[in-house]
Amino acid sequence: MSEAATAPATRATIGDSEFDRDTALTRRAPGVYDIDLSAGWTIISAVNGGYLLAVLGRALADALPHADPFTISAHYLTASQPGPAVVRTDVVRTGRTLSTGQASLFQYDDEGREVERIRVLASYGDLDTLPDDVRTTARPPAIPPMEHCFGPQDGPAPVDGSSAIADRLMLKLDPSTLGWALGQPSGKGEMRAWFGLADGREPDPLSLLLAVDALPPTAFEIGLKGWVPTVELTVHVRCRPAPGPLRVSITTRNLAGGFLEEDAEVWDSADRLVAQSRQLARVRLG
């Protein structure tokens, strides 16, 4: 299937897409925002960590004088559920080129007690003011053309672990990282894919926060199954992405003590490294 064939007939635009609507917050008071977390971004029953990070990222973009996330680190404290939530932000410091803030997302448990789900510390700036000078040894990941890759819709049955979020993504996985789906994991701890939003919305800095956590876990290709909850996730946004599909490469080098790291790179259609991330995730062994 070609890139043109995978694109929707009518493309959504930035600011008017399902992703934008589902990350939109209502400002209740200065630094306090209400949101209804959408069930459309769940994996099995858990709300996706990248979607949650985008929600908090949008709140901080409103609370800080700068609009673009440069670096954002999140600790996932308890599992978020679809439904009402409150985000509270604090401005830590404002400067000419960078502003720093923190944010937390809260929900109520079954007994009516407020529970903190995520806590974030982030620095924001203006990506359009960054110099063009690039000196790097990084190279884009080698992924086959999109028509030679496969998504959840290409299988005879839903891919194990996929759910509502799969319908909202344009995800085409490199066949060499799909052994787990055929019962033959490679053991290499690698995952690579073409990435976009299903409604055709072009990428922007906020959607990069989703992209780093939207692929199947590398744990699957190591030979493990089941939920791989994120403990901590740090994202560095390096530049504003060009229009077109993104390429995402994720690797895990070390699983020990029931935890693994995932290092992600996101490349845009202009062959630029637009985001990097590292997360610590917990796995269930045995």
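Residues in the sequence shown are numbered consecutively from 1, following full-length UniProt numbering. We put the beta carbon where it would ideally sit given N, CA and C, even for glycine.
By the Cβ criterion, the region 243 to 252 is not in contact with the region 83 to 98, since fewer than three pairs of Cβ atoms, one from each stretch, lie closer than 8 Å. At a Cβ-Cβ threshold of 8 Å, R201 and A12 count as neighbours. Within the same chain, and ignoring the five residues on either side of L178 in sequence, the residues whose Cβ sits closer than 7 Å to its Cβ are F150. Runs of beta strand (DSSP E) with 3 or more residues, each lying fully within the region 43 to 129, are found at 68 to 76, 83 to 94, 99 to 108, 114 to 125, listed in chain order.
Here I143 has D174, R192, R247 as same chain residues with Cβ atoms under 6 Å from its own Cβ, once five neighbours each way along the sequence are excluded. In the structure shown, Q153 falls within a helical segment according to DSSP collapsed to helix, strand and coil. A straight line joining the alpha-carbon of Q102 with that of S123 spans about 9 Å.
Sixteen is the threshold: when 16 or more other Cβ atoms of the shown chains lie within 10 Å of the Cβ of V266, as they do, the residue is buried. Looking at the DSSP output, D263 shares a beta bridge with T251, R278. In this structure, DSSP gives L209 a helical state, which the three-state scheme calls helix.
Among the bridge pairs identified by DSSP, W194 is matched with K172, R247. Under the criterion of beta carbons closer than 8 Å, F106 and R117 qualify as touching, at roughly 7 Å. Residue burial is scored here from C-beta neighbours: A74 has at least 16 other C-beta atoms within 10 angstroms and is therefore classed as buried.
Within the model, the alpha-carbon separation for D16 versus R240 is close to 19 Å. Within a 10 Å sphere around the beta-carbon of A54 sit 16 or more other beta-carbons, which makes this residue buried.
Cβ neighbours of S163 within its own chain (closer than 7 Å, five residues either side excluded): T42, I43, I44. An exposed status is given to E147, since fewer than 16 other beta-carbon atoms sit within 10 Å of its beta-carbon.
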